[in-house]
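Chemist: I have a structure here, written as structure tokens, and I will follow up with some questions on it.
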Amino acid sequence: MPPPGGRHLGRRRNRGASERPDGIPMQSRLKLRRHAQERRFKRDIRRDEIREVLENGEVIEERPEATPFPKYTMLGWTRYGSRPLHVVAADDEQKDVTYVLTVYEPDPDLWTDDFREKRD
39 MPPPGGRHLG RRRNRGASER PDGIPMQSRL KLRRHAQERR FKRDIRRDEI
89 REVLENGEVI EERPEATPFP KYTMLGWTRY GSRPLHVVAA DDEQKDVTYV
139 LTVYEPDPDL WTDDFREKRD
């Protein structure tokens, strides 16, 4: 498994979708699962902030064993809210969809100062 922020090898196929900074294509369609939608509204997170993190953020955790699709957590700083966000997502390459599983603003008490790792 590549280190957090490293290059993914699994998510390659895409038809004209934008790419993340590490060269990973983001799937063309973005679908928020019910939990992500609920959390987004509760936490006042805009849909474009989520897309911004997925397009420009950094992979900080990978779970290749997750089913039905490998999932990953991305960290990004939004230009609208000037705040850090974590987006947990999974890509379905066959359907060309990125599923957002949850989204949240990391708690400084639970995460390191750069929000990349959980505190012990």
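Here the sequence shown is numbered in our numbering, starting from 39 and rising by one per residue. Think of the CB as a built atom: it goes at the ideal place given N, C-alpha and C, for glycine as much as any other residue. All of these numbers come straight from a predicted model, not from anything done at the bench.
Would you kindly work out how many angstroms separate the C-alpha atoms of Arg-85 and Asp-158, rounded to a whole number?
Modeler: Cα to Cα, the separation comes out at about 31 angstroms.
Chemist: My guess is that His-73 and Thr-140 are in contact by the Cβ rule of under 8 angstroms, so how many angstroms apart are they, rounded?
Modeler: About 6 angstroms separates the two Cβ atoms, so the contact holds.
Chemist: Reducing DSSP to helix, strand and coil, say where Leu-92 ends up.
Modeler: Reduced to three states, the DSSP call for Leu-92 is helix.
Chemist: Quick one: measure Cβ to Cβ for Leu-92 and Val-125, integer angstroms, because I've assumed they're closer than 8 angstroms.
Modeler: Right, the Cβ-Cβ distance comes to about 6 angstroms (below 8 angstroms), so this counts as a contact.
Chemist: Count the other C-beta atoms from every protein chain shown that fall within 10 angstroms of the C-beta of Thr-105, then say buried if there are 16 or more, exposed otherwise.
Modeler: Counting Cβ neighbours within 10 Å, Thr-105 comes out exposed, since fewer than 16 surround it.
Chemist: So what does DSSP say about Asp-86, is it helix, strand or coil?
Modeler: Helix, per DSSP.
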